[in-house]
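Heads up, the thing below is written out as C-alpha cells.
Following this line, the structure appears as C-alpha cells:
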C-alpha cells in the first residue's frame, strides 16, 4: 500500500515537504509515523515523547480529517490515504 504524506513549517526540514511510503496492510497512523522517523532520534523526538506516544502538539490529518493523537495507534491506513503532519502552530 502506498501512503502519501505532506509536512509543513519546520517539519519540512526533517521529513521533506511530501513523499510516498509503502506500508503493509494493517499499518496504523502510529506505525506510519514510526516508519517516517526511522532510527533517527532527532526525528523521533519531534513526533514522539519518551514513552513513544505521539506528542500532544503534533497535528495529524488523514484525508483532511483530524486524527486525535490518542487515536493514532487505532487508526488504520488504506492504500492511497494522505497524511498531513503539522508542528505546533502559534501566531500573534
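In this note's numbering, the protein residues as written are 1061 to 1152.
Here a beta-carbon is modelled for each residue, glycine too, at the ideal position from N, C-alpha and C.
Element boundaries [beta strand (DSSP E), containing residue i]
{"i": "residue 1098", "result": "Here residue 1098 belongs to no beta strand (DSSP E), and DSSP marks it neither H nor E."}
{"i": "residue 1142", "result": "1142-1146"}
Residue nearest to residue i in terms of C-alpha spacing, selected from the options
{"i": "residue 1138", "options": "1073, 1088 and 1077", "result": "1088"}
{"i": "residue 1148", "options": "1064, 1068 and 1062", "result": "1068"}
{"i": "residue 1103", "options": "1080, 1064, 1081 and 1074", "result": "1074"}
Reduced DSSP category for residue i - H, G, I as helix; E, B as strand; rest coil
{"i": "residue 1128", "result": "coil"}
Neighbourhood of residue i by C-beta distance below 8 Å, restricted to the same chain and skipping five residues each side
{"i": "residue 1129", "result": "1113, 1114, 1115, 1116, 1118 and 1120"}
{"i": "residue 1132", "result": "1088, 1089, 1090, 1093, 1114 and 1120"}
{"i": "residue 1064", "result": "1078, 1079, 1080, 1140, 1141, 1142 and 1143"}
Same chain, Cβ closer than 7 Å to residue i, neighbours up to 5 away in sequence not counted
{"i": "residue 1108", "result": "1114 and 1115"}
{"i": "residue 1095", "result": "1081 and 1083"}
Close beta carbons around residue i, own chain, < 6 Å, minus the five adjacent residues each side
{"i": "residue 1105", "result": "none"}
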